[in-house]
Amino acid sequence: MVEIGDTVVSFDLFEQRFCCDLSVCRGECCIEGDSGAPLEEEEVAELEKVLPTVWNDLSEECRRVIEKQGVAYRDADGDLVTSIVGDRECVFSYKDADGVCKCAVEKAYREGRTGFYKPISCHLYPVRLTKYEGFTAVNYHRWEVCACAEKLGRKIGMPVYKFLKEPLIRRFGEAWYKELEEAAEAYEAEFRSV
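Going letter by letter, the sequence shown gives residues -3 to 190 in the working numbering.
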């Protein structure tokens, strides 16, 4: 692991290869799991604010869940997460013309209808953040639904930290990411010399 500011970053971000392959997985990460996507407290207000903008992009089932319990809830572990439909997909998911599950919030952002991209935990996936007293752990999360992303990442030689450059900068800033790149280069140089 490497320390950067108040974070401790797993070497998995340098070692593992990853690149989403939606043509294979069909957006399974927005569907599978035992609870919704982790949220920061302030993201609940952002999701509530964007709700009228994305409402018509959501299925009737998603809208019913939101009307009943809101955009978020606390899961069995006490973590704040997005609401889900039938213990499965996120209430902000929708199917595109090809049947791929995608994020309605991200769609609205890309279309210029909102300034909120999507929850940072979604943007950062497959990286998960765990906050401890004094530091935040930055870890790679392996999940069988992402096996095709690992395969494509290996094929094209894409390290996790490079695949996630945009969300890592969004969460930690340019200077932090530059330090991460330098640490990755030093790690790779040391690994190659062995």
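No residue lacks a Cβ here, since even glycine has one placed at the ideal position from N, Cα and C.
Opposite residue i in the DSSP bridges: which residues?
| i | result |
| --- | --- |
| C99 | S89 |
| P155 | R13 |
| E(-1) | V4 |
| F131 | Y128 |
| P34 | V77 |
Hey, quick one: how far does the beta strand (DSSP E) through residue i stretch, first residue to last?
| i | result |
| --- | --- |
| L76 | 76 to 78 |
| K114 | Premise fails: K114 is in no beta strand (DSSP E) and is neither H nor E. |
| R70 | 68 to 70 |
| V123 | 123 to 128 |
Roughly how far, in whole angstroms, is the beta-carbon of residue i from the beta-carbon of residue j, given that I think they are within contact range, below 8 Å?
| i | j | result |
| --- | --- | --- |
| D53 | Y136 | In fact, because the Cβ distance is near 31 Å, the residues do not count as touching under 8 Å. |
| F131 | E42 | About 25 Å separates the two Cβ atoms, so there is no contact after all. |
Grab the span of the alpha helix (DSSP H) containing residue i for me, first residue to last.
| i | result |
| --- | --- |
| V50 | 37 to 50 |
| V141 | Where V141 is concerned, there is no enclosing alpha helix (DSSP H), given that its DSSP letter is neither H nor E. |
| S55 | Segment: none, S55 is in no alpha helix (DSSP H) and carries neither H nor E. |
| L164 | 161 to 168 |
Three or more C-beta pairs below 8 Å linking the segment 164 to 181 and the segment 136 to 152: no
Cβ contact (3+ pairs, closer than 8 Å) linking the segment 125 to 133 and the segment 79 to 94: no
Three or more C-beta pairs below 8 Å linking the segment 49 to 63 and the segment 4 to 20: no
Touching by the beta-carbon criterion (3+ pairs, under 8 Å), the segment 10 to 22 and the segment 94 to 110: yes
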